[in-house]
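K.L.:
Sharing a structure here in structure tokens format.
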Amino acid sequence: MRTQRMHVSVLALVTTFTLAACGSESGSGAGSGDSGDGSGTVRTEPALTGVHWNVSSLTVGGKKRTAPAGAHVEIGPGGKATGSLGCNRFTADVRVDGSAVTVGQGTTTEMACADDVQEFEDAMGRAFRGTLEASVTGRGDARTLTLKTAQGDSIALHSEPPAALTGTAWKVSGLHTGAVASSLPEGTKDEARLTFGKDGTVEGNLGCNSFHGEAAVAGSTITFGPLASTRKMCPGGAMELERALLGAMKGETTYTIAHRTLSLTAKGGEGFDATAPPAGH
Numbered sequence: 451m452r453t454q455r456m457h458v459s460v461l462a463l464v465t466t467f468t469l470a471a472c473g474s475e476s477g478s479g480a481g482s483g484d485s486g487d488g489s490g491t492v493r494t495e496p497a498l499t500g501v502h503w504n505v506s507s508l509t510v511g512g513k514k515r516t517a518p519a520g521a522h523v524e525i526g527p528g529g530k531a532t533g534s535l536g537c538n539r540f541t542a543d544v545r546v547d548g549s550a551v552t553v554g555q556g557t558t559t560e561m562a563c564a565d566d567v568q569e570f571e572d573a574m575g576r577a578f579r580g581t582l583e584a585s586v587t588g589r590g591d592a593r594t595l596t597l598k599t600a601q602g603d604s605i606a607l608h609s610e611p612p613a614a615l616t617g618t619a620w621k622v623s624g625l626h627t628g629a630v631a632s633s634l635p636e637g638t639k640d641e642a643r644l645t646f647g648k649d650g651t652v653e654g655n656l657g658c659n660s661f662h663g664e665a666a667v668a669g670s671t672i673t674f675g676p677l678a679s680t681r682k683m684c685p686g687g688a689m690e691l692e693r694a695l696l697g698a699m700k701g702e703t704t705y706t707i708a709h710r711t712l713s714l715t716a717k718g719g720e721g722f723d724a725t726a727p728p729a730g731h
């Protein structure tokens with residue numbers, strides 16, 4: 451199992467991984483900045499803040515690249531944008547003046563990424579700097595955002611609603627102990643999953659054996675009762691994952707949901723992260 455340690459470095463403007471912006475936007479709520487022609491197209495000061503934007507694709511020099519799974523940007527107050535390009539996370543200073551988005555300096559983590567993801571991140575660093583032209587179309591959870599450079603390159607993003615704890619098919623994506631995050635044991639990716647019911651139950655798969663039991667939710671805590679599971683013999687990595695998950699889902703635990711990512715931690719600090727499927731799937 452590979453432990454990933456996060457290192458942060460300040461990037462020069464030319465390599466800043468920035469996708470969107472926050473600034474002095476006027477108006478709020480649905481239709482803010484709408485052109486009024488019924489098309490839903492925002493022509494001035496696009497409503498960028500308070501939205502989780504998933505990156506769909508990047509087009510540079512006429513070549514379109516599909517974004518890695520999980521690539522997104524969240525635009526908060528104070529002129530900051532944060533997000534992930536599918537592997538490394540970033541934070542950037544940004545400013546909005548009408549539909550013009552000015553990208554400043556930022557920071558990014560420095561994890562080793564798969565070759566195709568790294569190529570995408572490098573292309574983003576080269577394409578997204580200086581002043582970008584932003585346009586938003588649609589309403590509510592069906593909005594799309596396009597950011598275009600002066601050279602005609604562009605990034606396409608779309609909004610996505612947050613996931614609820616109950617009724618969501620959560621897929622286990624990583625383990626953690628305290629502040630140290632670890633990847634899943636080899637051969638167990640996409641195997642473990644769980645769903646919380648509104649009736650205070652939980653069921654799913656531990657990576658090999660299926661399980662079910664009680665899980666009472668109160669505020670930011672989940673209290674697990676004894677979990678019953680099947681007793682199949684599994685390969686070493688699957689059994690390692692199963693032991694980690696059972697250790698985390700014991701008694702009173704705390705949880706947080708950041709948009710569509712669930713993080714659950716037991717009192718001893720052991721826990722796991724899980725992701726929700728894309729909205730509509």
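Heads up: the sequence shown begins at 451 in our numbering, then just goes up one per residue.
C-beta atoms are modelled at their ideal positions from N, C-alpha and C, and glycine is treated no differently.
(1) For the pair the region 700 to 708 and the region 592 to 601, tell me if three or more CB-CB distances fall below 8 Å.
(2) Which residues in the same chain have their Cβ closer than 7 Å to the Cβ of S482, if we skip the five residues on either side of it in sequence?
(3) I need the boundaries of the beta strand (DSSP E) containing D547, first residue and last residue.
(4) I want to know whether the region 506 to 519 touches the region 566 to 583 - three or more CB-CB distances under 8 Å.
(5) Compare the Cα-Cα distances from T680 to each of E690, L691, N659 and report the closest residue.
(6) Starting from A642, follow its DSSP beta bridges and name the residues at the other end.
(7) In terms of residues, what are the limits of the alpha helix (DSSP H) holding G686?
(8) Output needed for A550: all residues of its chain with C-beta closer than 6 Å, excluding positions within five of it in sequence on either side, in chain order.
(9) Identify whether E583 lies in helix, strand or coil by the three-state DSSP scheme.
(10) For S419, count the other beta carbons within 10 Å of its own beta carbon; 16 or more makes it buried, fewer makes it exposed. Which is it?
(11) Is G701 buried or exposed, if buried means 16 or more other CB atoms sit within 10 Å of its CB?
(12) Grab the span of the beta strand (DSSP E) containing F722 for me, first residue to last.
(13) Whose C-alpha, out of R579, V586, A564, is nearest the C-alpha of N538?
(14) Which value, in whole angstroms, describes the spacing of the CA atoms of A642 and Q601?
(15) I need the boundaries of the beta strand (DSSP E) containing V510, first residue and last residue.
(16) Would you kindly check if the distance between the Cβ of G533 and the Cβ of V546 is under 8 Å?
P.N.:
Short version:
(1) Segments in contact, no.
(2) With a pLDDT of only 38 at S482, under 50, the local geometry of the prediction cannot be trusted, and no value is derived from it.
(3) It spans 539 to 547 - the beta strand (DSSP E) in which D547 sits, taken as one unbroken run.
(4) Output reads yes: the region 566 to 583 touches the region 506 to 519.
(5) It is N659.
(6) A642 pairs with L656.
(7) Per DSSP, G686 belongs to the alpha helix (DSSP H) from 686 to 698.
(8) In chain order, T581 place their CB closer than 6 Å to the CB of A550, counting only its own chain and leaving out the 5 sequence neighbours on each side.
(9) Residue state, collapsed to three classes: strand.
(10) Because the chain here runs from 451 to 731, residue 419 falls outside it and cannot be looked at.
(11) Exposed, because fewer than 16 other Cβ atoms sit within 10 Å of the Cβ of G701.
(12) In the DSSP annotation of this structure, the continuous segment of the beta strand (DSSP E) that includes F722 starts and ends at 720 to 725.
(13) If we check each option's Cα against that of N538, A564 comes out closest.
(14) Looking at the two C-alpha atoms, the distance is approximately 45 Å.
(15) That run of the beta strand (DSSP E) goes 502 to 510.
(16) Not a contact, by the Cβ cut-off of 8 Å.
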